[in-house]
Structures are given as C-alpha cells and as structure tokens.
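Numbering (our numbering), first residue to last: 10 to 513. Here the structure comes first, spelled out in structure tokens, and everything after it is commentary.
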C-alpha cells in the first residue's frame, strides 16, 4: 500500500506521545493536517508550527536558544512560547498550540490565540513617522511599528513604482523561472490599507528641512515627528562605449528583473560582468534557462576578497560544472553592437548582458540634509543620525559594530530588515541598541552558502569539513578570534557560530 505523501509527518500529537520521545529536545508530529514541532527546553515544553514563515525552513533542524528557536536556513528567530517572529528575515508569527503533560505523555491540543508583542510604549510617542525608502529596511520598520501597536500616522515613501518586494529572490528563483510572481511582493496591497500605512509609490523625496521637520516629495511638503532614511543603494553602471544599449542590464528592482527575463526569450548567449554574489546568482539563474553564460571579472578568483581562495576556487568550479565560462583577470572595454571586447584581447558576442559590479549607497538626500557622512550615513548604536529625530537603516547606514569596535556598513538584506525593526522601536523611544551579527545567504544551483559575521580582513582561515565535498564550516579569524563563518550544508554549526559571536 502506497503511503499518501500529502499526510503530515510524525505521530499524532493530539493522541499524545511518551515524554521519553522528547529526549533529543525536539519532535515533529502533527495535529490534524498541520505539522507541529514540540520543543523541550529545560522544564518547559512548547508546541509551534514546524516550518519557518519565511521560506518554509524545517525548524526541527534549527537551534533552540534562550526561549527561542532559530531557522537553519536563513537565521530567522521565533519566540517558542508565542510564535512571534522576533528577528528577520521572517516577518510573520508562527502558530502555537496548548500543551498538556499527563501520565508521562505529552498532548498537543487547540491552537493558541496569536498575541501582539508585549511592548510598553512611552507616553510621548511621536504622532507622525515618515519612512523614506520602500526596500527591506523601510518595509520592516513600518511593519514593526504596527506590530507593536503604534497608532500614529505612518507614511512610507518609495521612489520605486512597485511596492516592497523580496529582493533576494530576484537574482535567484524568480530570475531562474522557478518562483511565480505572486511570491515576490512582501505583502499584498491590502496589507497597507488594513494596517493604516500610507504607501506612496514613485515618490521621490527631493529635500529635507531638518529644522522645520518637513520634507518635500512630488511637489508636496510633508511634516514628520520622526524620520527614517532607508534610501538603499543603486547599482554601479558601466561607463564604456556601447554600455547604454538596451541589451545591457543591471539587476536591482523587479522592473530590472522583468526586463532581463523578457530578454531571455530567444537569447542564445548571456554575458555577466562581475563575479559578485549577484552576478553569479544571475549566471546560475540564466543557466537554468539553458542560455550560454560567460562571466567576465577583474578578479583572480570569484569572491576571493569576501571568502578567501579555497571558497573562491570552489565557487568557480561549481559554476564551470554547470557550463559557465569564466574570463577572469579581464574587463569589458567596449561594446560594438552585441560584441563585447575584452581587455585581454578576446571578444564575446552576447545578446544579453547583466552588469553586477557592485552598488553605491544613495546618500544624496542625507548629504543635502546636512547629516554626518563618512562612506555612509553615520549613526549611533540606536541608529540615530547626527540630527535628533532622524534615523538611518539599511545599505546607507554606517554603525558602530560592538564586536570589532569599528564603524561598519553592510549591504545585506537581512541586516537591513533587522535595522529597520530596531529603528522603528527607537523612533518610539525604546532605546534598543542594534547589535545583531550580520548574516546573508547565497544560492548557486543546489548549493546554499550561509555567511554570518563580518570580516573585511582576517589573519587566518580554518576549514572544518571539506569545501569540495560541499560539507564545511569555514572560519575567518582576526587576532585568533572568529569574526565570520561561511558554511555549506552546516546549518546548525552556522547558527551556533552566530550565537557565539552574539555573546562576545
């Protein structure tokens, strides 16, 4: 008899399981048709949805720590008792169930009511908060404000004509054709209406009067009590002959991605300029569409500056196994129609070009407003800028890193989300320090690479496992202290490294 693959895994938790089955700390079962994870931490037993609300990661393979559970895939964190998503990239709470212990067995009963976070707001919260930027940080800030029951006005201004989207997916599954478009918006339009968030798309802010607490956008003057700048970054564009042609694309917005997807129809050969994460994710996505792909970059190895030589060699070999042709220690010097000329003397005829040579933070608005700038908008540990009442988060923010003692700026989606959440709380007067360990993930074919920490430089690299075998934890050390880790299929070790860095 063939088992029905649609049935949930594990025992029926409503019927009860022996307490001894929880000796390992976690057990996946089901209540009705829903998979439920029982978690035992100390003397407490909780029942929570078995999969992360971000990308459906299996929480049973995650890490339980201090009343929370961490997703193994992208390091979202949930409160085990309430299901609240207490750390991005997950934004939606998980369902929890009532648990009963009786006669040496554990029973899972009805679902618990989802509760708003218990946050006591000060009496003098601002009446009107304006957020400039509809990316990761801006959206996460607006969502958090409403999550903690802020009842004042929220105005979210985005220069993009599209609503906030899941940008990491644009260079991964969506570009590869494996993710439908309805996965891409972070929330449907109805969310903003129901949450009372005024979302103004295609709205460019032109100046800020910091003394009057007024900004100008689309010919209107808008007052604010607190202001969050989350203007993000823009792609660095080529400035060589022929680079203005329509077959030459950058990849940042959903409109950019749609243009590239449209260009893949009938395309024979694609040229990716830059061996960055975005560039190589795009290369993998284009190979999934069975297009010939060439990568041109000035580096000796892909991503060596970020991950070192051994990981760089592995990433190159992985892409070559999938048919990508590399032209390293090379640059494109000009385009003549579809023909790209390389500095090394060769040429490539490509009917589609994707440029991934980095991004620049959008600092013009902050500079115009007179905020302190140093390779980013300078903020304190509460993400407040040099002007009281104005905060910055995401790709533009340069903040004091408590682990290195240095000011750093990081262009990671999860960092931007977490900063937006922290800035939201601080605009309400809660004075929460931003001290999260940076994290990002990258996907290359079937190989996920997780990176936790921040290492602009290191003295030593150690490898636990085997990089070539796609089973490793690579540690980057500075003065004998681990400052970052990259991992392949070592999800639990990556989470443990994150916790270790948090406690330094």
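Note that CB positions come from ideal geometry on N, CA and C, so glycine has one too.
CB contact flag (residue i, residue j, <8 Å)
i	j	result
residue 151	residue 140	yes
residue 164	residue 143	no
residue 269	residue 305	no
residue 147	residue 239	yes
residue 410	residue 399	no
residue 486	residue 469	yes
residue 476	residue 320	yes
residue 211	residue 173	no
residue 506	residue 472	no
residue 372	residue 357	no
residue 155	residue 78	no
residue 241	residue 403	yes
residue 236	residue 113	no
residue 247	residue 273	no
residue 437	residue 130	yes
residue 216	residue 377	yes
residue 80	residue 59	no
residue 447	residue 405	no
Residue i versus residue j - alpha carbon distance
i	j	result
residue 2	residue 106	No information on residue 2 is available, as it lies outside the stretch 10 to 513 that the chain covers here.
residue 22	residue 96	28 Å
residue 243	residue 259	10 Å
residue 482	residue 168	40 Å
residue 203	residue 337	51 Å
residue 232	residue 220	11 Å
residue 74	residue 255	51 Å
residue 88	residue 508	16 Å
residue 387	residue 434	19 Å
residue 391	residue 101	24 Å
residue 17	residue 49	21 Å
residue 293	residue 454	6 Å
residue 10	residue 275	Unreliable positioning characterises residue 10 in this predicted model, as indicated by a pLDDT of 33, which lies under 50. A coordinate reading is not provided.
residue 225	residue 218	8 Å
residue 484	residue 465	13 Å
residue 495	residue 316	8 Å
residue 13	residue 43	Its pLDDT being 45, under 50, residue 13 is placed unreliably in this model, and the value from its coordinates should be taken loosely. Rounded to the nearest angstrom, the two C-alpha atoms are 15 Å apart.
residue 407	residue 419	8 Å
residue 456	residue 323	11 Å
residue 375	residue 431	20 Å
residue 414	residue 360	47 Å
residue 159	residue 234	14 Å
residue 257	residue 45	48 Å
residue 201	residue 193	16 Å
residue 189	residue 145	20 Å
residue 208	residue 354	50 Å
residue 35	residue 76	13 Å
Proximity test, residue i beta-carbon vs the ligand ATP heavy atom, cut-off 7 Å
i	result
residue 148	With respect to the ligand ATP, the structure shown offers nothing to examine, as it has no ligands at all.
Whole-Å CB distance - residue i paired with residue j, under 8 Å assumed
i	j	result
residue 68	residue 61	6 Å
residue 367	residue 245	5 Å
residue 185	residue 267	Actually they do not touch by this definition, with Cβ atoms about 14 Å apart.
residue 302	residue 279	5 Å
residue 39	residue 19	6 Å
residue 161	residue 127	The Cβ separation is near 19 Å, so there is no contact.
residue 348	residue 307	Wrong, their Cβ atoms sit about 20 Å apart, outside the cutoff.
residue 195	residue 182	Not quite, the Cβ-Cβ distance comes to about 16 Å (not below 8 Å), so this is no contact.
Minimum C-alpha distance to residue i - residue among the options
i	options	result
residue 265	217, 486, 232, 180	180
residue 459	262, 407, 479, 468	479
residue 103	55, 134, 110, 320	55
residue 124	473, 91, 134	91
residue 379	122, 279, 394	394
residue 342	252, 42, 401	252
residue 82	488, 145, 449, 200	449
residue 363	466, 300, 45	300
residue 177	287, 213, 76	287
residue 249	197, 30, 85, 351	351
residue 331	353, 289, 57, 51	289
residue 502	52, 199, 70, 277	70
residue 314	94, 214, 463, 230	463
Residue burial classification, residue i (beta-carbon count within 10 angstroms, cutoff 16)
i	result
residue 452	buried
residue 423	buried
residue 24	exposed
residue 429	buried
residue 311	buried
residue 513	exposed
residue 318	exposed
residue 365	buried
residue 325	buried
residue 32	exposed
residue 500	buried
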